[in-house]
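Only one structure is covered here, and it is reproduced in the block below.
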Amino acid sequence: MEPAAVDFDGSSSSFKRVCVMDAGGSLGSALVHRLLQRGYFVHAAIHSHVEMQSMERTIVDKKKLRVFHTDPLDYHSIMEALEGCYGLFYSFEPPSDQPSYDELMMEMEVRAAHNVLEACAQTGTIDKVVFTSSATALIWRDPSDSSPSSSDFDERNWSNVNFCKKFKLWHGLSKTLAEKTAWALAMDRGVSMVSINAGLLLSPDLTITHPYLKGAAEMYKDGVFVTVDLKFLVDSHICVFEESSAYGRYLCFNHVINSNEDAMKLAQILLPSDVSSLPPSMTIGENMMVTQRISNKKINKLMVDFESGGSILNE
Numbered sequence: 101m102e103p104a105a106v107d108f109d110g111s112s113s114s115f116k117r118v119c120v121m122d123a124g125g126s127l128g129s130a131l132v133h134r135l136l137q138r139g140y141f142v143h144a145a146i147h148s149h150v151e152m153q154s155m156e157r158t159i160v161d162k163k164k165l166r167v168f169h170t171d172p173l174d175y176h177s178i179m180e181a182l183e184g185c186y187g188l189f190y191s192f193e194p195p196s197d198q199p200s201y202d203e204l205m206m207e208m209e210v211r212a213a214h215n216v217l218e219a220c221a222q223t224g225t226i227d228k229v230v231f232t233s234s235a236t237a238l239i240w241r242d243p244s245d246s247s248p249s250s251s252d253f254d255e256r257n258w259s260n261v262n263f264c265k266k267f268k269l270w271h272g273l274s275k276t277l278a279e280k281t282a283w284a285l286a287m288d289r290g291v292s293m294v295s296i297n298a299g300l301l302l303s304p305d306l307t308i309t310h311p312y313l314k315g316a317a318e319m320y321k322d323g324v325f326v327t328v329d330l331k332f333l334v335d336s337h338i339c340v341f342e343e344s345s346a347y348g349r350y351l352c353f354n355h356v357i358n359s360n361e362d363a364m365k366l367a368q369i370l371l372p373s374d375v376s377s378l379p380p381s382m383t384i385g386e387n388m389m390v391t392q393r394i395s396n397k398k399i400n401k402l403m404v405d406f407e408s409g410g411s412i413l414n415e
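With positions in the sequence shown counted from 1, the corresponding number in our numbering is that position plus 100.
This is the structure we're talking about:
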């Protein structure tokens, strides 16, 4: 059942007040809209004044919304955005002037995760954190470490840090180290946290340059190339936040790219004018399929009774 809406100044509403950080990205802005629809009061933490203006233009009813200009590397700005909030939805995307992942971006993401979890511990009001991570934080394994008993992937797996470093898989390395940093702080400081390890988000601004896609041919061949629709990803975040039984990590996807047809459809999104640019290892016989080796049973089981309702941005 959806929570009832109450006035912004009502003291009893404190448990309904949540922060979304980074609210300027595709996921964050969609989360803000859906949470407002469900009666939450939302602190939207964004990283630039341009995003702030865009957020204020797209929200019709601003009575339950407060927008904050927040730098994830500035502890005090994080504390300001979290003030009075019961929950936090946290995700990290590279700043617009630094769109690609590299070693410096990895360090920035890890520092940001540390700052945010430390701030949550210090607020005294944050009861639950939903930390957005990635499937790349669990799928990269050194082939020499594989065994028959560990042939499939789910949220119990972690990407091999040394393997990611060796092949410069910066997205997977960043997400792995940032999530491990967040979990270590959450457990040390007594912060209740759940993570969503998302597949590749199919958003309107997705291009072939997205850092998730480095190693796409290998993911495809291994049966672990997964994508997620914005609606499913938003609903998954809210479900794990509202469901008291939610715990640990949740691998979140609703499609596996494991056939030539799937790969071609994705290529049409990424490369509308040049489908032939697909890596040869992602082109197989028309009727053949790569065996799926990754499972999303845990999130699907939790969401059986979840009713999302409403609509979201870019839906």
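All C-beta atoms, glycine included, are put in the ideal place defined by N, C-alpha and C. For clarity, every value in this text was computed on a predicted model and none was experimentally measured.
Beta-carbon contacts of residue i that lie in its chain and below 6 Å, excluding the five residues immediately before and after
i      : result
Ser395 : Asp254
Leu277 : Val210
Ile399 : Ser336, Tyr350 and Cys352
Ser233 : Lys275, Glu279, Ser295 and Asn297
Phe406 : Cys339
Same chain, Cβ closer than 7 Å to residue i, five either side skipped, listed in chain order
i      : result
Pro248 : In this predicted model, Pro248 has a pLDDT of only 48, less than 50, meaning its place in the structure is not dependable; the value taken from the coordinates is given anyway. So the list is empty, once near-sequence residues are dropped.
Asn354 : Val328, Asp329 and Phe332
Asp305 : Ser126
Ala212 : Pro172, Leu173 and Phe192
Ser111 : Low confidence applies to Ser111: its pLDDT is 38, below 50, so where it sits in the model is not reliable, and the reading given next is rough at best. There are no such residues.
Run of the beta strand (DSSP E) containing residue i, from where it starts to where it stops
i      : result
Tyr175 : Looking at the DSSP string, Tyr175 is not in any beta strand (DSSP E); the run it does join, the alpha helix (DSSP H), is Tyr175 to Leu182.
Asn297 : Met293 to Ala298
His143 : Phe141 to Ile146
Leu351 : Gly348 to Cys352
Thr327 : Val326 to Val328
Met121 : Arg117 to Met121
Same chain, Cβ closer than 8 Å to residue i, neighbours up to 5 away in sequence not counted
i      : result
Met101 : Confidence at Met101 is low in this model, with a pLDDT of 32, below 50, so the placement of that residue should be treated as unreliable; the coordinate-derived value is given next. Excluding positions up to five away in sequence, the list is empty.
Asp245 : Asn260
Ile239 : Phe253, Asn257, Ser259, Gly272, Met319, Asp322, Val324 and Ile394
Asp362 : His355 and Val356
Lys228 : Tyr186, Gly187, Leu188, Ser292, Met293, Val294 and Phe341
Whether residue i touches residue j by CB criterion (8 Å)
i      : j      : result
Glu279 : Ser295 : yes
Gly323 : Asn358 : yes
Val340 : Ala235 : no
Asp122 : Ala145 : yes
Asn297 : Leu217 : no
Leu135 : Val118 : yes
Cys220 : Leu182 : yes
Tyr186 : Lys116 : yes
Leu285 : His214 : yes
His133 : Phe168 : no
Pro311 : Tyr201 : yes
Leu370 : Thr281 : no
Pro194 : Met205 : yes
Leu165 : Ile226 : no
Ala346 : Leu300 : no
Limits of the unbroken alpha helix (DSSP H) element including residue i
i      : result
Tyr320 : Ala316 to Asp322
Cys185 : No alpha helix (DSSP H) contains Cys185, which DSSP labels as neither H nor E.
Val230 : Here Val230 belongs to no alpha helix (DSSP H); instead the beta strand (DSSP E) covers Lys228 to Ser234.
Val210 : Glu203 to Thr223
His169 : Note, His169: premise wrong, no alpha helix (DSSP H); beta strand (DSSP E) at Leu165 to His169.
Phe263 : Val261 to Lys266
Trp283 : Trp270 to Arg289
Gln137 : Ser126 to Gln137
Glu361 : Asn360 to Leu370
Lys397 : Lys397 to Leu402
Supposed close pair residue i, residue j - CB separation, criterion 8 Å
i      : j      : result
Asp242 : Phe263 : 4 Å
Leu131 : Val390 : Between Val390 and Leu131 the Cβ distance is about 32 Å, and since that is not below 8 Å, they are no contact.
Near the ligand GTP: residue i beta-carbon under 7 Å from a heavy atom
i      : result
Arg211 : Among the components of this structure there are no ligands whatsoever, and the ligand GTP is therefore not found.
Any C-beta of chain C under 8 Å from that of residue i
i      : result
Ser126 : As a matter of chain content, chain C is missing from the structure shown, which is built from one protein chain.
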